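For the protein sequence lines, the chains are A and B, in the order given. The first sequence runs 1 to 328 under our numbering. The second sequence runs 1001 to 1328 under our numbering. Where a beta carbon is used, it is the ideal one built from N, C-alpha and C, also for glycine. In this text, all values refer to a predicted model and were calculated from it rather than measured experimentally.
There are 2 protein chains.
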Amino acid sequence: MNILQIGLGPLGLKIANFIAERPGLTTSAAVDKNPNLFGKDLGELAGGKPSGVAVASSISAAVVKNKPDVAVLTTVSDMASITPQIEEILAHGIPIVSTCEELSFPWEAASELAMRIDAAAKAAGVAVLGTGINPGFLMDALPTFLTAVCQDVKTVTVKRYQNAQFRRIPFQKKIGAGLALEQFEHKKQDGSLRHVGLTQSMQLIARRMGWKLDKTEDIISPVVAKNEIVTDAMTIPAGYATGVRQIGNGYVNGVVKIKLEFQASIGEPESYDEVIIDGTPRIQSKIAGGVNGDVATCAITLNAIPQVLRSTPGLKTMVDVAPVSFYS
Amino acid sequence: MNILQIGLGPLGLKIANFIAERPGLTTSAAVDKNPNLFGKDLGELAGGKPSGVAVASSISAAVVKNKPDVAVLTTVSDMASITPQIEEILAHGIPIVSTCEELSFPWEAASELAMRIDAAAKAAGVAVLGTGINPGFLMDALPTFLTAVCQDVKTVTVKRYQNAQFRRIPFQKKIGAGLALEQFEHKKQDGSLRHVGLTQSMQLIARRMGWKLDKTEDIISPVVAKNEIVTDAMTIPAGYATGVRQIGNGYVNGVVKIKLEFQASIGEPESYDEVIIDGTPRIQSKIAGGVNGDVATCAITLNAIPQVLRSTPGLKTMVDVAPVSFYS
């Protein structure tokens, strides 16, 4: 399986390493818009052995020798920016798996762009899928699948709690750990603390349950240190932020039917991913320790490829293609 | 949605009740081979209000007025018996959802019959799906889906433990509770204690992981009372069976890569359904309290209908159609 990797940020490079680990998968071409990367060896950029794949400056240049079987697109998070990139790839007739968060379920928030991509994918005769661990799995596809055993569903609640104490320092900074509350508020206002995808996850669940959401909320607040916390990387005084709490509420007829809780902080007592379905029967499913987002996002992107290749053409979500799984 | 219900045993009648509860679903026709049921009202047979649907003696008679959108087939557990029934339904061009255990993954143990059904379904232009809670979900489709987040999978273990203390007496009898060990052995030999499906579940997982199973085992043993157990329904002396333990082992190159543990007994300390994936990352996912098989089997059968109707034609498994979910 020959893969065209587009976007060589930290995620794209990690995916390149994951591909190198897996028999049967090969990165046959790589593209990034950063001129400093043009011509450099992908394997070396990713911190590994030389791969013989030189970074190309455009998709046309990358596919000139061999047409890849699939493109892995890890560039941007929003539909407005990803759509022309997808259209360019589809012009070459290449199916796409992308980690673009808003692509995971664009049918409500960006329905016109979604229809444009869907039409282009159908014209090209291939499928396009937005995936990832969150959005894409833990807070949408997995809880949706768990409702398969239910004769009735009243509410869906998903909780993703992570202790960031032993995570990478960039992750700790990303969740606002160590910030004074006014700094936290400032970063919240400029959007840099925001995890993209809660709204998409709620809309995917609602679509499948047959619920019409009349309102969604996406609320960010700090987790605040009660006492001073000292880690290898930082000291957090009492009253400062240890991390972020982000809540998604999906309302149907004025009542919260979908509740997504994402909380990542230093000193969080327990890491876990939990789905609670208030229904018949009631389902409470918990992944102890939680799922590491970095590893899982790369893995699910690669694992999705066979189902994208088997899919009917068009823009798909994780509940439109057959259940994704590991394969060897 | 008009449903043709074929097979009016306890499961078929319970499904009829579940259909009656759900807006948008209607049992438009019902068939059973038992002459005592011919002409009787389905709703009354199911213990509810009259439905206006009289039990027909044949599929041809049942569909003469209106062609149903889908057939729900709850008759037998084995491929040899279900195949001609499926072929008869397909001759009318009707898609099928069945609870037949061996149909959940027939591609190894009954590959010729599977190919026959697949060809007939394609000729009819509709899909045929074997589903259920176990096999069909808890021990195969769900663990397979959970591997989506893994870069590597070494082993898959699934544990289904149930305390039968508060279950229906027929269920307690079915699992051998209260039997002397020689009686248990006798019932084990005559096959009446056996839960059908562990082998199919292992084969489904292996197929998706890309593993070639060189051997599967399906081992039944009694759970034995250490002390006397007194319930509303029975007294179990020490040394007698409180229930059944059934283990599925799937070997790849002589090593167990798939382990399925099903244990149902009176006095079982904890009821739960657990999936443990030894991989990168390691995943341990547990449904506390477990999933009630009676409710869930009926629910998942109805919930599968939309994905069967959307599917490409042919014989499908629960990991070939898009993820099944509740809908309203």
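Residue of A1164(B), R1245(B), P1035(B) and L1204(B) minimising C-alpha distance to A1233(B): Cα-wise, what sits closest to A1233(B) is A1164(B).
What is the DSSP secondary structure of G1012(B), counted as helix, strand or coil? If DSSP states are grouped into helix, strand and coil, G1012(B) belongs with the helices.
Identify each residue in the stretch 265-279 of chain A for which the Cβ-Cβ distance to at least one residue of chain B is less than 8 Å, and report them in chain order. Those residues of the stretch 265-279 of chain A that come within reach of chain B (Cβ to Cβ, closer than 8 Å) are G279.
Between Y327(A) and I1277(B), what straight-line distance do the alpha-carbon atoms span, to the nearest angstrom? Cα to Cα, Y327(A) sits roughly 13 Å from I1277(B).
Validate contact between the stretch 203-216 of chain A and the stretch 304-315 of chain A using beta carbons, cut 8 Å, 3 pairs: Counting Cβ pairs under 8 Å, fewer than three are found: no touch.
V308(A): buried (16+ other C-beta within 10 angstroms of its C-beta) or exposed? Classified as buried, V308(A) has 16 or more neighbouring CB atoms from the shown chains inside 10 Å of its CB.
Relative to the alpha-carbon of S1331(B), which residue among V1053(B), E1088(B), M1079(B) and D1273(B) has its alpha-carbon at the smallest distance? Since the first residue shown for chain B is 1001 and the last is 1328, residue 1331(B) is missing from the structure and cannot be characterised.
By the three-class DSSP mapping on this structure, what secondary structure does R1116(B) have? Note: R1116(B) maps to helix in three-state DSSP.
Minimum C-alpha distance to E101(A) - residue among M202(A), T280(A) and T242(A): Comparing Cα positions, the closest option is M202(A).
In this structure, what does DSSP give as the bridge partners for F1262(B)? For F1262(B), which the question treats as bridged, DSSP gives the partners R1160(B) and Q1246(B).
Using a Cβ-Cβ cut-off of 8 Å (strictly less than) and excluding sequence neighbours within five positions of G1267(B), which residues of its own chain qualify? Listed in chain order, the non-local C-beta contacts of G1267(B) below 8 Å within the same chain comprise N1163, Q1165, A1225, I1229 and T1242, local neighbours out to five positions each way being set aside.
Check whether the Cβ of Q85(A) lies closer than 8 Å to any Cβ atom in chain B. Judged by the 8 Å Cβ criterion, Q85(A) is not in contact with chain B.
Chain A within 8 Å of N1253(B), Cβ atoms only: No, because no Cβ of chain A sits closer than 8 Å to the Cβ of N1253(B).
Between which two residues does the alpha helix (DSSP H) harbouring K173(A) extend? Unbroken alpha helix (DSSP H) run through K173(A): I169 to K174.
V1053(B) and L1037(B) closer than 8 Å at C-beta: In this structure, the beta-carbon distance from V1053(B) to L1037(B) does not fall below 8 Å.
Measure from the alpha carbon of A1109(B) to the alpha carbon of each residue in T1280(B), R1207(B) and A1299(B), then state which is nearest. Closest option to A1109(B), Cα to Cα, is R1207(B).
Can you pull the chain A residues whose beta carbon is under 8 Å from the beta carbon of M1209(B), in chain order? For M1209(B), the neighbours in chain A by C-beta distance under 8 Å run, in chain order, S325, F326, Y327 and S328.
Of all the alpha helix (DSSP H) runs that stay within the bounds of the stretch 1017-1054 of chain B, which reach a length of 4 or more residues? Here the runs fully enclosed are 1042-1045.
Looking only at C-alpha atoms, which of V1055(B), T1026(B), T1099(B) and L1129(B) sits nearest to R1310(B)? Relative to R1310(B), the option among V1055(B), T1026(B), T1099(B) and L1129(B) whose CA is nearest is L1129(B).
Assuming V1295(B) and A1264(B) form a contact by the criterion Cβ under 8 Å, report the distance between their Cβ atoms to the nearest whole angstrom. No, V1295(B) and A1264(B) are not in contact; Cβ-Cβ is about 16 Å, not under 8 Å.
In the structure shown, what three-state DSSP assignment does A1180(B) receive? Under the three-state reduction of DSSP output, A1180(B) falls in the coil class, being neither helix nor strand.
Could you tell me the alpha carbon to alpha carbon distance between T312(A) and S1060(B), rounded to whole angstroms? Each residue's Cα considered, the two are about 33 Å apart.
Can you find a C-beta in chain B that's less than 8 Å from the C-beta of K286(A)? Among the CB atoms of chain B, one or more fall inside 8 Å of the CB of K286(A).
Quick check on V969(B) - is its C-beta less than 8 Å from some C-beta in chain A? Not covered by the structure: residue 969(B). The range shown for chain B is 1001 to 1328.
Could you tell me the boundaries of the alpha helix (DSSP H) in which S1081(B) lies? For S1081(B), the enclosing alpha helix (DSSP H) covers residues M1079 to L1090.
Use the C-beta contact count for D190(A): other C-beta atoms within 10 angstroms, 16 or more gives buried, fewer gives exposed. Around the beta carbon of D190(A), a 10 Å sphere encloses fewer than 16 other beta carbons of the protein chains shown; the residue is thus reported as exposed.
Please state if the CB of A1029(B) and the CB of L1008(B) are separated by a distance shorter than 8 Å. L1008(B) is not a Cβ neighbour of A1029(B), given a cutoff of 8 Å.
Can you give me, in chain order, the residues of the stretch 78-105 of chain A that have a beta carbon less than 8 Å from any beta carbon in chain B? Under the 8 Å Cβ criterion, the stretch 78-105 of chain A contributes no residue.
Curious, which full-length beta strand (DSSP E) runs of at least 3 residues does the stretch 245-327 of chain A contain? With a minimum length of 3 residues, the unbroken runs of beta strand (DSSP E) contained wholly in the stretch 245-327 of chain A fall at 255-265, 272-280, 283-288 and 314-316.
Any Cβ of chain A within less than 8 Å of the Cβ of F1166(B)? Not an interface residue.
From A1120(B), V1256(B), G1210(B) and P1010(B), residue whose alpha carbon lies closest to that of E1088(B): Considering only alpha carbons, the answer is A1120(B).
For V1149(B) and I1283(B), which I take to be in contact (beta-carbon distance under 8 Å), what is that distance rounded to the nearest angstrom? Taking the Cβ atoms as the reference, V1149(B) lies roughly 7 Å from I1283(B), within the contact range of under 8 Å.
Tell me whether Q200(A) counts as near the ligand MG, meaning its Cβ is closer than 7 Å to at least one heavy atom of that ligand. Although the ligand MG was asked about, the structure shown includes no ligands whatsoever.
Given that a residue counts as buried once 16 or more other Cβ atoms are within 10 Å of its Cβ, and exposed if not, what is H1186(B)? Exposed: under 16 other Cβ atoms inside 10 Å.
Following the continuous alpha helix (DSSP H) through L146(A), name the residue where it begins and the one where it ends. Its alpha helix (DSSP H) spans residues A141 to L146.
Give me the Cβ distance between V275(A) and L142(A), rounded to the nearest whole Å; I'm assuming they're in contact under 8 Å. The Cβ separation is near 6 Å, so the contact holds.
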